[in-house]
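Peer 1: Count along the sequence shown from 1, add 61, and you get the number used in the numbering used here.
Using N, Cα and C, we set each Cβ at its ideal position, and we do this for glycine too.
As the structure is a computational prediction, the values presented were derived from the model and not from experiment.
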Amino acid sequence: MANASIAVLISGRGSNLKSLIDACADDGFPAEISLVISNRPKAPGLKHAETAGIRQAVIDHRDFETREEFDAALDERLQAEGVDFVCLAGFMRLLSDGFVDEWRGRLINIHPSLLPAFRGLNVQERTLDAGVKIAGCTVHFVSPELDAGPIIGQAAVPVLPTDNVSSLSSRILEQEHKLYPQCLRLVVEGKARISGAVVQYDAEIQCVGALLNPPTD
Ligand code: GRF
Numbered sequence: 062m063a064n065a066s067i068a069v070l071i072s073g074r075g076s077n078l079k080s081l082i083d084a085c086a087d088d089g090f091p092a093e094i095s096l097v098i099s100n101r102p103k104a105p106g107l108k109h110a111e112t113a114g115i116r117q118a119v120i121d122h123r124d125f126e127t128r129e130e131f132d133a134a135l136d137e138r139l140q141a142e143g144v145d146f147v148c149l150a151g152f153m154r155l156l157s158d159g160f161v162d163e164w165r166g167r168l169i170n171i172h173p174s175l176l177p178a179f180r181g182l183n184v185q186e187r188t189l190d191a192g193v194k195i196a197g198c199t200v201h202f203v204s205p206e207l208d209a210g211p212i213i214g215q216a217a218v219p220v221l222p223t224d225n226v227s228s229l230s231s232r233i234l235e236q237e238h239k240l241y242p243q244c245l246r247l248v249v250e251g252k253a254r255i256s257g258a259v260v261q262y263d264a265e266i267q268c269v270g271a272l273l274n275p276p277t278d
């Protein structure tokens, strides 16, 4: 079967884009990135697309009067490209309900918290302020409500007493780079599917182990 065609949408650094590019470079990964779109002309992450020889496009949100017009331009480009799935990777724009409905089940996001905790912005700062002991990241299908769609996968990391925003962000990011490709694979292979408000997996997918913090021994 042909590889699924992916578009990755970014606004900034693009480290998750890089992890998806690296995953797609592996033989046997069932997807390839056809297009990277940034809403910011100077997004540093665009260089990862350039290095990998992946086509890139800038659709600058400032060129549009309304969110709907911007989303329509985005949709038009994605449809013209014939992409199968869209991965948001640090894409800092809210998407309109119409766009989200159009791409339902084919639109995926990564967020640096264990959702449904800490939706929105400044996640690591709020995580530290709340004194939680386990943080992490979530890959989920996008729904109209922000950071609230069916969860595909999560990775957990401990929050250490010495952590600041930078150290915690790095620990979470390291897991993001593993989790996003794994979840994309599950979705592309049809092994993780939306079922109402949650995701249903093929029976072969099994999880083991637990993370305790502070440790008990
Ligand atoms: C990541 O922490 C991601 O979870 C969030 O935005 C950040 C993007 O980082 N949505 P990068 O641009 O992929 O390096």
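Only counting the same chain, and skipping five residues up and downstream in sequence, which positions put a Cβ closer than 6 angstroms to that of I115?
Peer 2: I94, V97
Peer 1: Taking only three categories from DSSP, how would you classify C148?
Peer 2: Correct three-state label for C148: strand.
Peer 1: Kindly say whether A118, judged by its beta-carbon, lies nearer than 8 angstroms to any beta-carbon of chain B.
Peer 2: You won't find chain B in this structure, because it holds only one protein chain.
Peer 1: What's the gap between the Cα of L229 and the Cα of T199?
Peer 2: 15 angstroms
Peer 1: Measuring CA to CA, which of G159, S76, P219 is closest to P276?
Peer 2: P219
Peer 1: Would you be able to state if there are at least three C-beta pairs under 8 angstroms between the stretch 138-151 and the stretch 69-80?
Peer 2: yes
Peer 1: Considering only residues of the same chain and omitting the five flanking positions on each side of R167, which have a CB-CB separation below 7 angstroms?
Peer 2: D145, F146, V147
Peer 1: According to DSSP, what are the bridge partners of T199?
Peer 2: Note: T199 sits in a beta bridge opposite H172, Q215.
Peer 1: Where R246 and A92 are concerned, what is the direct C-alpha to C-alpha distance, given to the nearest angstrom?
Peer 2: 8 angstroms
Peer 1: Out of A86, P105, F90, which has the shortest C-alpha to C-alpha gap to G73?
Peer 2: P105
Peer 1: Please find out if some non-hydrogen atom of the ligand GRF comes closer than 7 angstroms to the beta-carbon of I353.
Peer 2: The question about residue 353 has no answer, for the chain in this structure spans 62 to 278.
Peer 1: Does DSSP put V161 in a helix, a strand or coil?
Peer 2: In the structure shown, V161 adopts helical secondary structure according to DSSP, grouped into three states.
Peer 1: If you reduce the DSSP assignment to three classes, tell me which class M115 lands in.
Peer 2: The sequence given here has Ile at residue 115, not Met. Here I115 sits in coil by DSSP.
Peer 1: Do L189 and V226 have their C-beta atoms within less than 8 angstroms of each other?
Peer 2: yes
Peer 1: Going by DSSP, what residue range makes up the beta strand (DSSP E) through S99?
Peer 2: Counting along the chain, S99 sits inside the beta strand (DSSP E) bounded by residues 92-99.
Peer 1: Relative to the C-alpha of N170, which residue among D263, L81, N64 is closest?
Peer 2: L81
Peer 1: Could you check if P173 belongs to the surroundings of the ligand GRF, using beta carbon to heavy atom distance under 7 angstroms?
Peer 2: yes
Peer 1: Closest to S157 by C-alpha separation, out of A110, F131, A118, would be which residue?
Peer 2: Each of A110, F131, A118 was checked against the Cα of S157, and the nearest Cα belongs to F131.
Peer 1: Quick one: give me the first and last residue of the alpha helix (DSSP H) that S72 is part of.
Peer 2: Unbroken run through S72: none, as it is neither H nor E.
Peer 1: Return the residue from the list M62, A216, D121 that minimises the CA-CA distance to K239.
Peer 2: A216
Peer 1: Between the alpha carbons of S99 and A191, how many angstroms are there, rounded?
Peer 2: 33 angstroms
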